[in-house]
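Chemist:
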Amino acid sequence: MMRDSRQQQRRLRAYIGAVAIAAIASFATLARLDSGGGYGDVHWTAFGLFAVLLFVSESKPSLWMRTGEGREVTPGWSFAYALVLLGAPTAAVIVMVVTNLYVDVRHHKGTLKIVFNCAQVATALSTGGIILHGFGVHGGIADGGSIPTTAAIGIVVGGVAIFTISGMLTAIVIGIHQNVAIGPVLRSGFGLSMTADGALLALAPVFVISFEYSIIMLPLLGVTSYLVYYATRNALRQQHEATHDPLTMLLNRRAFDERVENAIDSAPTGSIAVMVMDLDRFKDINDRLGHQVGDRLLVSFAQRLERVLPPGGIASRLGGDEFGVLVVGIPSQPRLEAQTEQLQTALTAPHDIDGFPLTVAVSIGVATNTDAEATAEALTAAADIAMYRAKRRESNVEFRGPEHETDDYGRIGLLQDLSAAIEHQQIRAHYQPQINLSDGSVAGVEALMRWNHPTHGPIAPGEFIGLAEQTDLIGPMTELMFKIVMRDCRRIAPDVPRIGINVAPRSLLDRQFATRILGIVHDVGFPADRLEIEITERAIVSGSERTTNALDQFRDAGVTVSIDDFGTGYSSFQVLRNIQANRLKIDRQFSSWLDRGGADEMIVTKIIELAHGLGLEVVAEGVESRAVRDRLAELGCDIAQGYALARPMPIDALNSWLEAHRVVTDAPRHLPTPRLRIATP
Ligand code: C2E
Ligand code: CA
Ligand code: CA
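Numbers 444 to 1124, taken from this note's numbering, label the letters of the sequence shown in order.
(1) For the alpha helix (DSSP H) that T712 lies in, which residues bound it at each end?
(2) Could you tell me which residues DSSP pairs with T898 in its beta bridges?
(3) How about N945: is its Cβ closer than 7 Å to a heavy atom in ligand 2?
(4) Shortest alpha-carbon distance to I557 belongs to which of L568, G572, V541?
(5) Between D1030 and D1008, how many whole angstroms is the CB-CB distance? I'm expecting something under 8 Å.
(6) Please look up how many angstroms separate the CB atoms of I976 and F956, rounded, as I've assumed it's under 8 Å.
(7) Checking 8 Å against the spacing of the C-beta atoms, do V1047 and H1055 come in under that value?
(8) Within 10 angstroms of the Cβ of N812, are there 16 or more other Cβ atoms? Answer buried if so, exposed if not.
(9) Under the DSSP definition of a beta bridge, which residues are partnered with G762?
(10) Cβ of D1030 within 7 Å of any heavy atom in ligand 2?
(11) Just tell me which of A982, S1035, I1051 has its CA closest to the CA of G733.
(12) Roughly how far, in whole angstroms, is the beta-carbon of N622 from the beta-carbon of G772, given that I think they are within contact range, below 8 Å?
(13) Which whole-angstrom value describes the C-beta separation of L1059 and A1024, a residue pair presumed to lie in contact below a C-beta threshold of 8 Å?
(14) Between the segment 779-796 and the segment 690-697, do three or more beta carbon pairs fall short of 8 Å?
(15) Pick helix, strand or coil for D1043, following the three-state DSSP scheme.
(16) Got a sec: does ligand 4 put a non-hydrogen atom nearer than 7 Å to the Cβ of I1046?
(17) Leaving aside the five residues before and after Q563 along the sequence, list all residues of the same chain whose C-beta is less than 7 Å from its C-beta, in chain order.
(18) Could you give the DSSP three-state label for V1018: helix, strand or coil?
(19) Do M925 and I942 have their C-beta atoms within less than 8 Å of each other?
(20) Please tell me whether, using a cut-off of 7 Å, the distance from the CB of D1073 to the nearest non-hydrogen atom of ligand 2 is below it.
(21) Compute the Euclidean distance between the alpha carbons of L1158 and K726, then round it to the nearest angstrom.
(22) Using the C-alpha atoms, what's the distance from H620 back to I573?
(23) Between the alpha carbons of T849 and Y831, how many angstroms are there, rounded?
(24) Can we count E906 as close to ligand 3, meaning its CB is less than 7 Å from some heavy atom?
(25) I'd like the span of the beta strand (DSSP E) that includes V809, first residue to last.
(26) Quick one: measure Cβ to Cβ for D738 and L690, integer angstroms, because I've assumed they're closer than 8 Å.
(27) Under the three-state reduction of DSSP, which class applies to I608: helix, strand or coil?
(28) Give the list of continuous alpha helix (DSSP H) stretches no shorter than 4 residues that lie fully inside the segment 540-579.
(29) For V712 and A810, I'd like the C-alpha separation in whole angstroms.
(30) Here's a check: name, in chain order, each residue in its chain whose Cβ is nearer than 7 Å to the Cβ of T488, leaving out the five neighbours to either side.
(31) What's the gap between the Cα of A947 and the Cα of Q787?
(32) If contact is defined by three or more beta carbon pairs under 8 Å, each pair taking one atom from either stretch, is the segment 745-764 in contact with the segment 675-686?
(33) Kindly give me the distance between the Cβ atoms of V939 and V888, rounded to whole angstroms, as I take these residues to be in contact under 8 Å.
(34) Between which two residues does the beta strand (DSSP E) carrying F1009 extend?
(35) Give the DSSP bridge partners of Y874, in chain order.
(36) In the structure shown, what three-state DSSP assignment does G772 receive?
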C-alpha cells in the first residue's frame, strides 16, 4: 500500500524515523525505571500464558478485524497491556515488538511499514509502562491485597495513553499516506477502530486481577472477552460493509466521495485528480456470457485496478461497471497524463476468466481540482463529463477541458435533461418508409425517435437511447414514443400497411409492458395488425421467460414481431429457434456486402433463403444505392429500407413523400403481405 509520490515518501520516511526515535527513547527510559524494581514478584506463569495468547491473536489473520481505513485491529493489545500490568513492562514491550516483527515479515510487508508498526507498538506500550511507574505501580498488580486508588487511576491513565498514542501515530501515518489532514482521517470511521482498541485494552487489568484470584476465573473471563471481541468485530465488519462494495471489496461510492471531500479540504488547487472510468460494452458481455462472468470480470478488473493505481491512488467502485480513482498529490499535469495512459493500457490487457481471456476496453475521464470545485460531487461530475466525451470520441482518455465546452455534457446531465424532455414531451418521431421490392409499393414505415436538445441540438438516438436503456427512463420513454406514434398515425394514410416501433430489450422485462402498450394502442383505436414491434436480436438471445411472454402477448394481439439488426449478435441462429417472429431485418452491414460479391454476397443470399424457409419475411436495412436495391430484389428479398429509398423524416414530410410515391409507382392498393411465404427458388 506504500504507493507515494517522492515528496510524500520523504515525509513518510521522516515521520517513521521520528517514531522510531521516540520508540527507542521511551523504551530506554522504561528499561532504566524498571532496572530499579527488578522482576522479583512477576507471576511468570501468567506472563507465559498471556505472551502465548498475544502471539496467537496477533499472528492469526482470521482473528483480525479489518477496519474501514484498511487498518487491522487485533486482540493483541489487551494481552500486551496485561503483560505490562503483571510487572514486566520491558519484557512486555519486547514480546509485542518481536511478535509484530514476526507477523509483518511473514506477511511480506514493506520495510517502512514494519519499522513503523514495531516503533508504534514500542512507543505506545513503553509510554504506558512509564506512566504506571509514575503512579507508583511497578511490582505488578497481581501481588495480592487491594489496589490503592492512585494505582487504579494509573492503570486507567496508562491504558488511555497506550490507546491514544497508538491511535494518533497510526492516524498520522494514514494522513501522510493519503495526503490528508489527521482530522478527516479521524472522522472517516477511524474512531470506531480506536474504540475497538480501547475496549480490548480495558480488558487487560481485568485479566490480570482475575488471574490473581484464581486461574479458574480465566476461562470465565475468556467468555466475556470473547463477547467483547465478537461485538467489536461485528461493529467493525458492519462499518467495513457500509463503506465497501461487496463484490469487488473496493470502497463504495459514499466512502469514495468522503475521501474526495477530505482530500479537497486539505489539498491545494491542482494537486488532486478524480478519474471516472467505465467499461466499454460491458452490457454486451453480461448479455452474452451471463452475469456470473460479468461479475468475475468486475472483480478481476477491480483487483487489476488496485495493482496498477498511480502513486497515492485510491480506487472505488462507483456502481455497475463504473469505477472511480482518487489521486492525491499529483506531481504535474504531463506526469498525470502519462500515468493515466499507462493505467488505461494496463487495464485493457485481457482478463483471465476461468482460463478464458476476456478483453474489455475502458474509457477514462480525468478532472483535477480547481478553486471552483468545493465538493466531491462537482469534481466527480467533471470527471464524468470527460469520461463521457472519451466514450463519444472513442479516445480512451479525456481530461476536463476548458469550462463549458459546447459539445460537452455529462451522462448525468444528459439523463436529467432527457428525463425533463420526456416529461415535457420534447421527443419527436421521424418515419422511414419501407418498399416492397416486388412492385415498389410502400410496405410500411419505421418510427425512429428524435430528440432535439435545447442547447446541444439533435442528439444521436444511439447515444441517448443507449443511456436511457441503462436506467428506468427507458420505460416512460418507450411509452411516450408509442403515444407519439399513435397520435401521428391519425395523419398517416390508411394505405400504409404497417408502422414499426423499436422496443428496447429492457422494456420487455417489465411484466406490465405489453399490457400497457396494447392499452395505448387500443385506446386510440389503432388496429393492432398494422403495428409492428422491432426487437434487437440481442434482447432475444439474453431473453428470459419474461421476454418470451411479452412477445407472445404482442403476437396474440395481432402485432407483427420483427427481429432487428439480424446478424450482429453472436447467436443469430439461436434467436431463430427461440422465438416465433414474423419478420427478419437484416442488419445494414450485410447490405453493403452486396457490392462485394463472392462469399459476402453468398451469406446474404443464404440468410434470405433461410428466413424464407422458416416462413419469415425479409427486410434489408441500410440500402444506400440503386445497385444494392436491385440485387436484393434479384435475391428474393421482400422489403428494402434505406437512404436510397428515403431517409427518416417528420410526419408532414412523410405524407408528402407518400403522396409523391403513390404518383410515381401508381401501384394498386397494396394488400398486407401474407405472414408465411415459401422460399422462391
Ligand atoms: P435501427 O432500429 O437499426 O434503426 C435504423 C437506423 O438506421 C436509423 O438510425 C436510421 O436512420 C438508419 N438508417 C436508415 N437507412 C440507412 C442507410 O441507408 N444507411 C445508414 N447508414 N443508416 C440508415 P437512427 O434513427 O439513428 O437510430 C439508431 C438506432 O436507435 C436504431 O437502430 C434503434 O436501435 C434505436 N432507436 C431509434 N428509435 C428508437 C425508439 O423509438 N426506441 C428504441 N428503443 N430504440 C430506437
Ligand atoms: Ca429498428
Ligand atoms: Ca436495425
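A virtual CB, placed ideally from N, CA and C, is assigned to each residue, including glycine.
Modeler: Well, looking at it:
(1) Numbered from 1 along the sequence shown, position 269 holds the residue referred to as residue 712. Per DSSP, T712 belongs to no alpha helix (DSSP H) and is neither H nor E.
(2) Taking the sequence shown and counting its residues from 1, one reaches residue 898 at position 455. T898 is not bridged to any residue.
(3) In the sequence shown, residue 945 corresponds to position 502, counting from 1. The answer is yes for N945.
(4) Stepping through the sequence shown from its first residue, residue 557 is reached at position 114. The candidate whose alpha carbon is nearest that of I557 is V541.
(5) Reading the sequence shown from its first residue, position 587 is the one you call residue 1030. Reading the sequence shown from its first residue, position 565 is the one you call residue 1008. D1030 to D1008, Cβ: 5 Å. Contact.
(6) Stepping through the sequence shown from its first residue, residue 976 is reached at position 533. Stepping through the sequence shown from its first residue, residue 956 is reached at position 513. About 11 Å separates the two Cβ atoms, so there is no contact after all.
(7) On the sequence shown, residue 1047 is found 604 positions in, with the first residue counted as 1. On the sequence shown, residue 1055 is found 612 positions in, with the first residue counted as 1. Contact flag unset, no.
(8) For the purposes of this step, residue 812 is identified with residue 369 of the sequence shown, where counting begins at 1. Buried is the call here.
(9) Working through the sequence shown from its first residue, we reach residue 762 at position 319. Bridge partners of G762: E765.
(10) For this step, residue 1030 is matched to residue 587 along the sequence shown. Answer for D1030: no, Cβ out of range of ligand 2.
(11) On the sequence shown, residue 733 is found 290 positions in, with the first residue counted as 1. Measuring from the Cα of G733, the nearest candidate turns out to be A982.
(12) As a working mapping, residue 622 is identified with position 179 in the sequence shown. As a working mapping, residue 772 is identified with position 329 in the sequence shown. Confirmed, Cβ separation roughly 5 Å.
(13) In the sequence shown, residue 1059 corresponds to position 616, counting from 1. In the sequence shown, residue 1024 corresponds to position 581, counting from 1. Contact flag correct, Cβ pair sits at about 6 Å.
(14) no
(15) In the sequence shown, residue 1043 corresponds to position 600, counting from 1. Residue state, collapsed to three classes: helix.
(16) Of the ligands one can find in the structure shown, namely ligand 1, ligand 2 and ligand 3, none is ligand 4.
(17) Translated into the one-based positions of the sequence shown, residue 563 becomes position 120. Correct list, in chain order: V462, S609, L612, T613.
(18) Mapped onto the sequence shown, residue 1018 falls at position 575. V1018: helix per DSSP, three-state reduction.
(19) Working through the sequence shown from its first residue, we reach residue 925 at position 482. Working through the sequence shown from its first residue, we reach residue 942 at position 499. Residue 925 is actually Phe in this sequence, not Met. For F925 and I942, no; Cβs fall outside 8 Å.
(20) For the purposes of this step, residue 1073 is taken as residue 630 along the sequence shown, with counting starting at 1. It does not: the Cβ of D1073 is nowhere closer than 7 Å to a heavy atom of ligand 2.
(21) Lying before the first or after the last residue shown, residue 1158 is absent from the chain, which here runs from 444 to 1124.
(22) For the purposes of this step, residue 573 is identified with residue 130 of the sequence shown, where counting begins at 1. For the purposes of this step, residue 620 is identified with residue 177 of the sequence shown, where counting begins at 1. Their backbone Cα atoms lie some 30 Å apart in a straight line.
(23) Taking the first residue of the sequence shown as 1, we reach residue 849 at position 406. Taking the first residue of the sequence shown as 1, we reach residue 831 at position 388. With a pLDDT of 43 at T849, under the threshold of 50, the modelled position of that residue is not reliable, and no figure is offered here.
(24) Stepping through the sequence shown from its first residue, residue 906 is reached at position 463. Not under cutoff, so the answer is no.
(25) Residue numbering aside, residue 809 sits at position 366 when the sequence shown is read from its first letter. Taken as a continuous stretch (DSSP letters only), the beta strand (DSSP E) holding V809 covers 805-811.
(26) Working through the sequence shown from its first residue, we reach residue 738 at position 295. Working through the sequence shown from its first residue, we reach residue 690 at position 247. With 8 Å as the limit, D738 and L690 qualify as a contact, their Cβ atoms being about 6 Å apart.
(27) For the purposes of this step, residue 608 is taken as residue 165 along the sequence shown, with counting starting at 1. I608: helix per DSSP, three-state reduction.
(28) 554-577
(29) To locate residue 712, count along the sequence shown from 1; it is residue 269. To locate residue 810, count along the sequence shown from 1; it is residue 367. According to the sequence shown, residue 712 is Thr rather than Val. Rounded to the nearest angstrom, the two C-alpha atoms are 12 Å apart.
(30) The count along the sequence shown starts at 1 and reaches residue 488 at position 45. Here the set comprises nothing.
(31) In the sequence shown, the residue the question calls residue 947 occupies position 504. In the sequence shown, the residue the question calls residue 787 occupies position 344. One C-alpha to the other measures close to 31 Å.
(32) no
(33) Numbered from 1 along the sequence shown, position 496 holds the residue referred to as residue 939. Numbered from 1 along the sequence shown, position 445 holds the residue referred to as residue 888. With 8 Å as the limit, V939 and V888 qualify as a contact, their Cβ atoms being about 6 Å apart.
(34) For the purposes of this step, residue 1009 is taken as residue 566 along the sequence shown, with counting starting at 1. Per DSSP, F1009 belongs to the beta strand (DSSP E) from 1003-1009.
(35) By 1-based counting over the sequence shown, the position of residue 874 is 431. Y874 is bridged to A890, M1092.
(36) If you number the sequence shown from 1, residue 772 lands on position 329. Correct three-state label for G772: coil.
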